[in-house]
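Chemist: Its first residue numbered 4, the sequence shown is counted upward by one per residue in this note's numbering.
Cβ coordinates follow ideal geometry from the N, Cα and C atoms, glycine included.
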Amino acid sequence: MYGSDKRVDTKKSLLADFSLFLVAIIWGGGFIFMKDSLHILKPFYMNGIRFTLAFVTMTIIFWKRFIKITKKDFISGTIVGIFLFLAFIIQTIGLQYTTASKSAFLTGTNVVIVPFLVWGMTRRIPSWHAMIGAFLTAIGIGLLTLQGSLHIGIGDSLTLICAVLFAVHITLVGHFAEDMDPITLAMIQIGVTGVFSLIGAFIFEPAPVFEGNLRDITIAIGYMTFVSTMGALLIQNVAQKYTPSTHAAIILSLEAVFGTIFGIIFLGDLLTSKMILGCLLIFCAIIITETKLSFIFTHKKENNETMR
């Protein structure tokens, strides 16, 4: 009986790891659809349509949660939503001036920034893993973005700002999620992002002209809304019930790798040897910060206990 249960758990764990691997691929592909759509939709319109559709769909699916939203929930969700809106709009604007592969890796640096934001809020000094991660990230960013001198392009600069904003968003989610339903929090922040994006579109951008590209833009918006945002989020939440957080962190960090690979294959992004080294350093920094190398130290500990 024990052996049977163990086999079932192993199957669930493997299926969960594969599901998270799929999520990383989906998120990496999202950069391609965003980049490819920017010649049709401007940043505010793109995010406005994407997040409004996601909000409406989530409201229908989770209607019972939606009608129970309190004033406190709304205020908390709005605060988080403002930073989500700022992060996405700056990322999308920056993507107009840099490659999808660079955007994927630079956005991924947010996991290195989070421990330092928590330090500012709680006065808890970041671990040595976070310190090493920050150091490697700084070198990696320099290799990836510096253009022959101490100059960073506007697209890369905006993407780094977006990474900081995503880090603030993640930190706030961790703070507010302790006292409210996470699905409700997700709904509100997605709705806030959609509303602010549409307001920005009406003020700053001309109405989009599709000129026969309706099919392509529909596929792109559909992917970003229902696959990259809603679908991936649901898969992630379910999968992480059946696999260790270290597995999840390692697998999900592959988003940056897939974003780079897809950028090279589908958009013709070019990477020099210096940029590849920068990507590798940032990827190592993400792994060290997210996992604290527990998969290595746990393995050593298990080996020592076995030898005893």
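Using the beta-carbon count (16 or more within 10 Å), is G123 buried or exposed?
Modeler: Exposed.
Chemist: Are the region 55-73 and the region 159-176 touching by the rule of at least three beta carbon pairs closer than 8 Å?
Modeler: These segments do not touch.
Chemist: Restricting to Cα atoms, I'd like to know which of K15, D219 and F108 is closest to I289.
Modeler: Checking every option, the nearest Cα to that of I289 belongs to F108.
Chemist: To the nearest angstrom, how far is it from the Cα of I82 to the Cα of A137?
Modeler: Between I82 and A137, the C-alpha separation is close to 27 Å.
Chemist: Determine whether the Cβ of G123 lies closer than 8 Å to any Cβ atom of chain D.
Modeler: Reference to chain D is not applicable here, since this structure consists of a single protein chain.
Chemist: Whose C-beta lies closer than 8 Å to the C-beta of F24 among residues of the same chain, with five residues either side of it excluded?
Modeler: Hits under 8 Å: I254 and L257.
Chemist: Our contact map puts I35 next to F213 with C-beta atoms below 8 Å; I'd like the distance itself, whole angstroms only.
Modeler: Not confirmed; about 19 Å, so no contact.
Chemist: With a 10 Å radius around its C-beta and 16 neighbouring C-beta atoms as the bar for buried, classify D159 as buried or exposed.
Modeler: Buried, because 16 or more other Cβ atoms sit within 10 Å of the Cβ of D159.
Chemist: Could you check which residue in L161, I78 and A103 has the C-alpha nearest to that of I267?
Modeler: Among L161, I78 and A103, the Cα nearest to that of I267 belongs to A103.
Chemist: Since T187 and I72 should fall inside the 8 Å C-beta cutoff, what is the C-beta to C-beta distance between them, to a whole number of angstroms?
Modeler: Between I72 and T187 the Cβ distance is about 6 Å, and since that is below 8 Å, they are a contact.
Chemist: May I ask you to report which of helix, strand or coil DSSP gives I238?
Modeler: The answer is helix: DSSP assigns I238 an H, G or I state.
Chemist: How many angstroms separate the CA atom of T76 from the CA atom of M183?
Modeler: Thr is not the amino acid found at residue 76; the sequence shown has Asp there. Using only the alpha carbons, I get a separation of about 7 Å.
Chemist: Cβ atoms of V117 and A170: under 8 Å apart, would you say?
Modeler: For A170 and V117, yes; Cβs fall inside 8 Å.
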